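Undergrad:
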Amino acid sequence: MLECMPEGEVVHTAGKINPVKTCQPIGAMYAALGIHRCLPHSHGSQGCCAYHRMHLTRHFRDPVLASTSSFTEGASVFGGAANLKTAIKNVFEIYKPDIIAVHTTCLSETIGDDLPTIIKQSEVPEGKVVIHANTPSYQGSHITGFSNMVKAMVTYLAARDEETIRKKRVNIIPGFVNPSDMREIKRITSSLGVDMIMFPDTTNVLDSPLTAKYDMYPEGGTTVEEIRDTGNSRLTLALGAWSSNAAGAALMEKCGVPCVPLKVPIGLKATDDLIMTLKEKFDAVVPDDLTLERGQVVDTLIDTHFHYQGKKVAIYGDPDIVVPLVEFVLTMGMIPKYVITGTPGKAFEEQVGAMIEEAGIEDYIVKAEGDLFDLHQWIKEESVDLLIGNTYGKYIARTEDIPLVRVGFPILDRAVHPLMPITGYKGCLRLIEMISNALLERRDRDCLDEDYELVL
Amino acid sequence: MSMSEEMMGDMLEKYPEKVLKNRKKHITIVDTNQACQQIEANTRTIPGIITQRGCAYAGCKGVVVGPIKDMVHIVHGPIGCAFYAWGTRRNKARADDNTPPEKMFSTLCVSTDMQESDIVFGGEKKLAKMIDEVVEMFHPRAVSICATCPVGLIGDDLGAVAKAAQERHGIQVLSFNCEGYKGVSQSAGHHIANNNLMENVIGTGPERDPNDKYVINILGEYNIGGDGWEMERILGDIGYKVNCVLTGDTSYLEIKNLHQAHLNLVQCHRSINYIAEMMETKYGTPWLKVNFIGVEATKKSLREMALCFGDEELIRKTEEVIAREEARIMPVIEHYRKICQGKTAFAFVGGSRSHHYMHLLRDLGMEVVVAGYEFAHRDDYEGRQVIPTLKIDADSKNIPELHLSPDPEKFKDAHVHLNMSKEKFDELNKKVPLNYYEGMQPDMKDGEIMIDDCNHHELEKMVRALKPDLVFAGVRDKYYVQKLGVPAKQMHSYDYSGPYAGYNGALNFARDVANAITTPAWKLVTAPWEKQTQ
């Protein structure tokens, strides 16, 4: 496999080969699915919408509904206003959502369609809402698109009521994570006795049960009313700088809700930070159950450290997942040798580099806006014991015979992962299990007969 | 089971007036008493309707060009278009005598990853640089560059960049202006890809050995799940020489030699009929619409092919292989047929499979009661005889039409290609419909539905109203159909199984369909405590 890859040093400066990112609108579509009774709408030609629905469907193995403006060549030259107005009318009449969340593509952005004006001129039935986010595919990545749509929820919907007392409640922006992770973060927050509004929230939308009673708008998702009410909360937790900070800052500016930026709670330290922040800001009492869960993680780390300590790992994926993941593998005593995100942002290199150096590791490479071609070239130069990332790394895994632990987005070749958290203390256990098992299975496969052990 | 006018009314009642007027023309309840039932197709998608259609880029890069394994395909655009077409269509490829492993580029995703500055100042320089780097790194035999939506708008001249790069590197650089907004669906992309391959690649290879017998091409076969390989196995056993499969597991080298065949087989009419027709004009090569999906359909196609060459030995060998293969697989098929017999299905796929699979499902005792295409044209529904009456509307008129004339050196009459006399050829033409496709409609029965560009609302309504036993569609329809309690199989990706073509394909398909229907979990949908309260 991949026999075509060049040997030795090569120059690759223009474009991307085997990217570790995709484009903005899919992130916006995912965010919009986290609003109750919302139909995401893609303002561009229909291929984008088809692709984004397809990719989300393949990751979650659940229905992903979205409409599109279906640009033709005429609209592409003269503007897509008529297409969007027709779409809004048709969607409300045929599919009856409570809210349409419009995002754009490189097509409508290059043309310069003025969405606020078009939306103002559209027929929106009484009590229904249309919001929009500009999501040009030629800036940032799918994470930027997620961030832009979550920010649009704030700018369009969040409001501060007249009352002077803020509700003793936290807003949680969970970042671009699976529904299982949102579920886990809500469980931890509830167990601390803190009221919350999570937005967006794709639990019960993209992890829905099969009951033979399908509803196009599943039970889940944050309601428009709840998003409006975020303006009255006491605090916002923005989990993941790339996914959530922009919306947190917008909510601060618009409604005066203070925002604490945190990492997505992957790993022990990031989960501790989430719990400590809630404890301090809401005088919450940490229940014994959480203390027990944490203790179980520490117990397991001590029990299993010899499975993975000192192993070299390459990690690639979205920055808000990769940053805490690197922190956790350092907690595990592993060596993050190569760390890549496709999403732009120098902060990634600084943040990850600082963590690795603090652990006393000097020989490593961290790159934002990198791709899997880069990673493969480095691995050929000096290999690693483990890969952690999305499905696309499987080609390197096979070619270089390195075990792959699937974490992140998208995972297209395995099931169940969107139903199992990697966040919280439960997520720590799952990550330890996946990493240990991958390495132990490789040991069982590779060792001599006389070294084949019953107990490991 | 069939659809009544009343059920149809119920399905359409929600529509705003303009939508209703439009959609009615795209839906036909089959009535064989009527001489010709016209369906509207290949028109623009209604905004907001939740179509399943994709774009011209998908039709060009994703379908036709992408599978060519020894070329590096550079997508000129922001990252998404390249990313989503990376490994997602299962057009299998492997190294072979023509193409060593180091010339296989099928697992790469190459994108110019346009940034805002490229939109503002143009992306030509970056594209040129990427071509240089790619050629230097990978040494491909040829390079393709595929345009995406913004490229046309900002005025990047792909043709000029390609020409300059071709001169710099001495290998062919093909540029495809397949911007996503062109035409109304994937179909425009097929046409754009066909034109370029015909104009610039096909026929540039050497002449064939005149002693080669029964040389064929399979056009419009993309080797999804290994379909093309199964066809090649059967055809090879009979004694055909498969010159080139367009474009499943195909190399650029083989496409150059496409003109070497005596007969073109057309599996997917929609995507490749342009090349079939243009090769007929330019080289005189006759083409035969075949269908290798289904036991009976495969047999019919093999027999028609044998007639085309009119050779006794070939006919004998054909019957021998048919008998051998059927003896091998029919007992197993029979086992699955007992499970499938009498069941109904919907088939809503891209531009050809809805028709092809009717035959295989009938082999299993199943009936397709609702069939439709995302982006087929009227000739795929009604047959090629309607082509002279087709009007090209404003949305598709900018897709270029090539007007070719016979090649002064390489053109031969069809009967010369088939090595028979003119008289014998005229006889053959009465028995075998050369250069013709009859469309899907003749294979459908009264009360069954033919539907074009079916949307989410319509499919959901029909599944609820007609309660089919199985729905064949794409990945975007699969999961909500299953949430409704109806098994759904992906007819584009085969749910990662295959091949489904030929004899081994029929076996695989029968097993997969039976498993989809009988999987034990379907009996566990209702929780026991919910049953007790009822």
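First to last, the protein sequences are chains A and B.
Mapping to the UniProt record's numbering: the first sequence position 65 is 65, numbers consecutive.
Mapping to the UniProt record's numbering: the second sequence position 306 is 306, numbers consecutive.
We treat Cβ as the ideally placed atom computed from N, Cα and C, and that holds for glycine.
If you're wondering where the values come from, they're calculated on a predicted model, not measured in any experiment.
Less than 7 Å between CB atoms is the rule here; does I165/A satisfy it with respect to chain B?
TA: The sequence position of residue 165/A within the first sequence is 165, counting from 1. So, not an interface residue.
Undergrad: Secondary structure at V369/B, three-state DSSP: helix, strand or coil?
TA: Locating residue 369/B in the second sequence gives position 369, counting from the first residue. In this structure, V369/B counts as strand in the three-state DSSP scheme.
Undergrad: Can you list, in chain order, the stretches of the beta strand (DSSP E) that have 3 or more residues and sit fully within the region 84-115 of chain A?
TA: Qualifying beta strand (DSSP E) stretches, in chain order: 99-104.
Undergrad: So with CB distances below 8 Å, who are the chain B contacts of E9/A?
TA: Counting from one through the first sequence, the residue named residue 9/A turns up at place 9. Here the premise fails: no neighbours, minimum Cβ distance about 11 Å.
Undergrad: Quick one: which unbroken alpha helix (DSSP H) runs of 4-plus residues sit fully inside the region 136-211 of chain B? Chain order, please.
TA: Those alpha helix (DSSP H) runs which fall completely within the region 136-211 of chain B and span 4+ residues are 149-154, 158-169, 186-200.
Undergrad: Under a Cβ-count criterion, where at least 16 other Cβ atoms within 10 Å of its own Cβ denotes burial, should E374/B be classed as buried or exposed?
TA: As a first step, residue 374/B is located in the second sequence; it is residue number 374 there, counting from the start. It counts as buried.
Undergrad: So what's Q534/B in DSSP terms, helix, strand or just coil?
TA: Reading the second sequence from its first residue, position 534 is the one you call residue 534/B. Its pLDDT being 49, under 50, Q534/B is placed unreliably in this model, and the coordinates cannot settle the point.
Undergrad: Round the Cβ separation of I333/B and V368/B to the nearest angstrom and send it over; I've been treating them as touching at under 8 Å.
TA: The residue you call residue 333/B lines up with position 333 of the second sequence. The residue you call residue 368/B lines up with position 368 of the second sequence. Rounded, the Cβ-Cβ distance is 18 Å, inconsistent with contact.
Undergrad: In its own chain, which residues sit with a C-beta less than 6 Å from the C-beta of A488/B, not counting the 5 before and 5 after it?
TA: The residue you call residue 488/B lines up with position 488 of the second sequence. If we look at A488/B and ignore the five residues flanking it on each side, its Cβ neighbours are V471, K478, V481, Q482.
Undergrad: Applying the 10 Å Cβ sphere with the 16-neighbour rule, what's the burial state of R398/A?
TA: Here the question's residue 398/A lines up with position 398 in the first sequence. Classification of R398/A: exposed, given that the 10 Å Cβ count is below 16.
Undergrad: Using 7 Å as the limit for Cβ to Cβ distance, is K394/A near chain B?
TA: For the purposes of this step, residue 394/A is taken as residue 394 along the first sequence, with counting starting at 1. No, its Cβ sits nowhere closer than 7 Å to a Cβ of chain B.
Undergrad: Could you tell me if E401/B is buried or exposed, where buried requires 16 or more neighbouring beta carbons within 10 angstroms of its beta carbon?
TA: Position 401 of the second sequence, counting from 1, holds the residue named residue 401/B. Classification for E401/B: exposed.
Undergrad: Excluding the five sequence neighbours on either side, which residues of its own chain have a C-beta within less than 7 Å of the C-beta of K431/B, listed in chain order?
TA: For the purposes of this step, residue 431/B is taken as the residue at position 431 of the second sequence. Contacts found: L307.
Undergrad: For chain B, check one thing: does any of its Cβ atoms lie closer than 7 Å to the Cβ of G47/A?
TA: Walking along the first sequence from the start, residue 47/A turns up at place 47. G47/A counts as touching chain B.
Undergrad: Mapping DSSP to helix, strand and coil, what is N18/A?
TA: Sequence index remark: in the first sequence, residue 18/A carries index 18 (1-based). Coil at N18/A, not helix or strand.
Undergrad: Ignore the nearest five residues each way along the sequence and tell me which others in residue 458/A's own chain have a CB closer than 8 Å to its CB.
TA: There is no way to answer for residue 458/A, as the model of chain A reaches only from 1 to 456.
Undergrad: Excluding sequence positions up to five away, which residues of its chain have a Cβ less than 7 Å from the Cβ of Q534/B?
TA: In the second sequence, the residue the question calls residue 534/B occupies position 534. Note that Q534/B scores 49 on pLDDT, short of 50, meaning its location in the model is unreliable; the coordinates nonetheless yield the value given after this. Nothing meets the Cβ criterion.
Undergrad: A142/B and M71/B look like a contact to me (Cβ under 8 Å); what is the Cβ gap, rounded to whole Å?
TA: Position 142 of the second sequence, counted from the first residue, corresponds to residue 142/B. Position 71 of the second sequence, counted from the first residue, corresponds to residue 71/B. 5 Å between Cβ atoms; contact.
Undergrad: Going straight from the alpha carbon of N33/B to that of H26/B, what length do you get?
TA: Here the question's residue 33/B lines up with position 33 in the second sequence. Here the question's residue 26/B lines up with position 26 in the second sequence. C-alpha separation (whole angstroms): 19 Å.
Undergrad: Of the residues A81/A, V129/A, P25/A, A14/A, which one's Cα is nearest the Cα of H36/A?
TA: Here residue 36/A corresponds to residue number 36 of the first sequence, with the count starting at 1. It is V129/A whose Cα lies nearest to the Cα of H36/A.
Undergrad: What residues of chain B sit near V260/A, judged by a beta carbon separation below 7 Å?
TA: On the first sequence, residue 260/A is found 260 positions in, with the first residue counted as 1. Under the 7 Å cutoff, chain B gives no residues; its nearest Cβ is about 31 Å from V260/A.
Undergrad: I need the DSSP call for K167/A, collapsed to helix, strand or coil.
TA: Here residue 167/A is taken as the residue at index 167 of the first sequence, counted from 1. K167/A: strand per DSSP, three-state reduction.
Undergrad: I want to verify the contact list: residues of chain A whose CB lies under 8 Å from the CB of Q52/B, in sequence order.
TA: Position 52 of the second sequence, counted from the start, is the residue given in the question as residue 52/B. Those are A50, listed as they occur along chain A.
Undergrad: Compare the C-beta of F83/B with all C-beta atoms of chain A and state if any pair is closer than 7 Å.
TA: Position 83 of the second sequence, counted from the start, is the residue given in the question as residue 83/B. Cβ-Cβ to chain A under 7 Å: yes for F83/B.
Undergrad: If we call anything under 7 Å between Cβ atoms a contact, is L375/A one with I340/A?
TA: Numbered from 1 along the first sequence, position 375 holds the residue referred to as residue 375/A. Numbered from 1 along the first sequence, position 340 holds the residue referred to as residue 340/A. Against a cut-off of 7 Å, the Cβ pair of I340/A and L375/A comes out as a contact.
Undergrad: Beta-carbon within less than 7 Å of M3/B's beta-carbon, same chain only, minus the 5 sequence neighbours each way: which residues are those?
TA: Indexing the second sequence from 1 puts residue 3/B at position 3. So the qualifying residues of the chain are I29, G447, I449, L466.
Undergrad: Can you check whether the CB of I145/B is closer than 7 Å to the CB of residue 536/B?
TA: This structure cannot settle anything about residue 536/B, because the visible part of chain B is limited to 1 through 534.
Undergrad: Between A160/B and chain A, is any beta-carbon pair separated by less than 7 Å?
TA: Mapped onto the second sequence, residue 160/B falls at position 160. It does not: the Cβ of A160/B has no partner Cβ on chain A nearer than 7 Å.
Undergrad: Looking at chain A, which residues of the region 399-418 of chain B have a Cβ within less than 8 Å of any of its Cβ atoms?
TA: The region 399-418 of chain B vs chain A, Cβ under 8 Å: nothing.
Undergrad: Tell me, please, whether the CB atom of L20/B is closer than 7 Å to any CB atom in chain A?
TA: Locating residue 20/B in the second sequence gives position 20, where the first residue counts as 1. No, its Cβ sits nowhere closer than 7 Å to a Cβ of chain A.
Undergrad: So, G48/B versus V91/A, is the Cβ gap smaller than 7 Å?
TA: In the second sequence, counting from the first residue as 1, residue 48/B sits at position 48. In the first sequence, counting from the first residue as 1, residue 91/A sits at position 91. Closer than 7 Å, so yes.
Undergrad: Between K16/A and chain B, is there a C-beta pair that is closer than 7 Å?
TA: Sequence index remark: in the first sequence, residue 16/A carries index 16 (1-based). Closer than 7 Å: yes.
Undergrad: My assumption, with CB atoms under 8 Å, is that residue 459/A sits in contact with G145/A. Please give the rounded CB distance.
TA: Any answer about residue 459/A is impossible in this case: the structure gives chain A only from 1 up to 456.
Undergrad: Among all the DSSP beta bridges, which residues are the ones paired with V471/B?
TA: As a first step, residue 471/B must be located in the second sequence, where it is residue number 471. According to DSSP, which records beta bridges pairwise, V471/B is partnered with F346/B, A488/B.
Undergrad: What does a CB cutoff of less than 7 Å around T518/B pick up in its chain, not counting 5 residues either side in sequence?
TA: Locating residue 518/B in the second sequence gives position 518, where the first residue counts as 1. Taken in chain order, the residues that qualify are I339.
Undergrad: Write down the C-beta distance between T189/A and V170/A rounded to the nearest angstrom, noting that I regard them as a contact closer than 8 Å.
TA: Taking the first sequence and counting its residues from 1, the one referred to as residue 189/A is at position 189. Taking the first sequence and counting its residues from 1, the one referred to as residue 170/A is at position 170. Contact flag correct, Cβ pair sits at about 7 Å.
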